[in-house]
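Let me begin by presenting the structure, written as structure tokens, before commenting on it.
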Amino acid sequence: MRETVTTSELDLALVNALQLRPRASWSELAPLLGVTAGTLARRWERLTGEGLAWVYAAPGREFSRNRCSAFVLLRCLPRDRPRLMAELSALPEAVTIELTGHGTADLLLDVLAPDLTALSRFLSEKLDPMPGITSVTCLFATSLYVEGSRWRLRSLAPAQLTALGSPAAVGEHARTLALDAVDRALLDELVRDGRLGLAELAERTAASPATVRRRLRRLTDSSVLTFRCDIASALAGHPVPVSLLGQVPARDIGTVHRTLAALPECRLVAAVTGPANIFVTLWVHDLGDIQRRETALCARLPTLTVTDRIVGLHTVKRMGHLLDAEGRRVGVQPIAPW
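In the working numbering, the protein residues as written are 667 to 1004.
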């Protein structure tokens, strides 16, 4: 039986606001949400303490342009799945792990690496030797059009959205930076908690607040990192994650990607290598919704052929954050793809 989570409209509005402005101060958000800054701080403390919502740093646009990511489909023996999920969760390269329904894959991994050589080493030196894995299929992402930070809870009223303003534009000058020890220390801390203040970051990284401010601005302006507010599936009404693999003629890829990216239920859209050239992840209402969504998509996009559907049963790990069966955060295995 699914867990029932008790949340208020204020909780949902707060999370939605943080999806748009992950590092906004409580004093900035208080007038928008009609409560005091202290009330927001207490609400957020409860949400994070119960593993229902969290803010963290994730790779930004620079990563998809200049580094390497892939979706890895694993087949394994049923008796080995619990052990493999635990072992894979400890690998920083496997940033997201989904236990799936039997079919094309038993486990679906999102893998991030600094370059193709590092990704090749991950496959050959870490995955291949694991006992119990019977097959490995790697779909290299050639372009990433939408990722999870774009998904919204849609709890704010139009007037609140207007008052909050548009999310900060992602830097168009995404570029690879030479990261030093201070940059990496900042990234390590922000991957765990993206709302750490300048003073606390300075203390943890042994840098001055002014240095932290400059480095943080540099990392965000160059799109090395972005900030995300994520939530437990219970807070979103227990959506069913489904990943669709599809084929589309090269001439239509742009149109298909734009259409998919505009869907409110869309979590991810990528161009991939292999027999299919599109990989999209949706959060849908229920299992029956999968067929309805696919039918509607194919009607709108007649050149799109869906070749496979992978239903997620349990997200074990999402961008380094370990989740329980209800999607609550229960731990962190920091990622370090930079």
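Glycine included, every Cβ here is placed at the ideal spot set by N, Cα and C.
{"query": "Tell me the rounded alpha-carbon separation between Thr-969 and Thr-961.", "result": "13 Å"}
{"query": "When you compare the CB positions of Ala-898 and Leu-754, do they come within less than 8 Å of one another, or not?", "result": "no"}
{"query": "For Gly-715, which three-state DSSP category applies?", "result": "helix"}
{"query": "Assuming Ala-736 contacts Val-802 (C-beta within less than 8 Å), just tell me the rounded distance between them.", "result": "The Cβ separation is near 11 Å, so there is no contact."}
{"query": "Leu-967 by DSSP, collapsed to three states: which one?", "result": "coil"}
{"query": "As a quick exercise: from Ser-809, Ala-847, Tyr-722, pick the residue whose alpha carbon is nearest that of Asp-861.", "result": "Looking at the sequence shown, residue 861 is not Asp but Arg. That would be Tyr-722, whose Cα lies nearest to the Cα of Arg-861."}
{"query": "Between which two residues does the alpha helix (DSSP H) harbouring Gly-920 extend?", "result": "919–927"}
{"query": "Using alpha carbons as the reference points, say which of Leu-901, Arg-966, Thr-886, Ala-703 lies closest to Val-914.", "result": "Arg-966"}
{"query": "Measuring alpha carbon to alpha carbon, tell me which residue in Arg-816, Arg-995, Leu-774, Leu-911 is nearest Pro-941.", "result": "Leu-911"}
{"query": "What residues are listed by DSSP as bridge partners for Pro-907?", "result": "Trp-949"}
{"query": "Which partner residues does Glu-764 have in the DSSP bridge list?", "result": "Leu-774, Thr-981"}
{"query": "So the beta strand (DSSP E) Thr-800 belongs to, where does it begin and stop?", "result": "799–812"}
{"query": "Measuring alpha carbon to alpha carbon, tell me which residue in Arg-689, Leu-864, Ala-936, Lys-983 is nearest Arg-880.", "result": "Leu-864"}
{"query": "On the premise that Phe-788 lies in contact with Pro-1003, defined as a C-beta separation below 8 Å, what is that separation, rounded to the nearest angstrom?", "result": "So it is not a contact: roughly 11 Å between Cβ atoms."}
{"query": "For Ala-771 versus Leu-805, is the C-beta distance shorter than 8 Å?", "result": "no"}
{"query": "Going along the chain, which residues of its own chain have a beta-carbon closer than 6 Å to the beta-carbon of Leu-891, five neighbours each way excluded?", "result": "Ala-723, Gly-726, Leu-885"}
{"query": "Of the choices Trp-949, Ala-873, Asp-896, Asp-887, whose alpha-carbon is the least far from that of Pro-907?", "result": "Trp-949"}
{"query": "Once DSSP output is grouped into helix, strand and coil, what is the label at Ser-735?", "result": "strand"}
{"query": "Alpha helix (DSSP H) containing Leu-989: first to last residue?", "result": "Taken as a continuous stretch (DSSP letters only), Leu-989 belongs to no alpha helix (DSSP H), being part of the beta strand (DSSP E) at 987–989."}
{"query": "Hey, quick one: how far does the beta strand (DSSP E) through Val-938 stretch, first residue to last?", "result": "932–938"}
{"query": "With a threshold of 8 Å on Cβ separation, who are the neighbours of Thr-871 within its own chain once the five nearest residues in sequence on each side are excluded?", "result": "Val-848, Ala-851, Leu-852, Glu-855, Val-878"}
{"query": "In the DSSP assignment, find the unbroken alpha helix (DSSP H) run with Asp-677 in it and report its ends.", "result": "675–686"}
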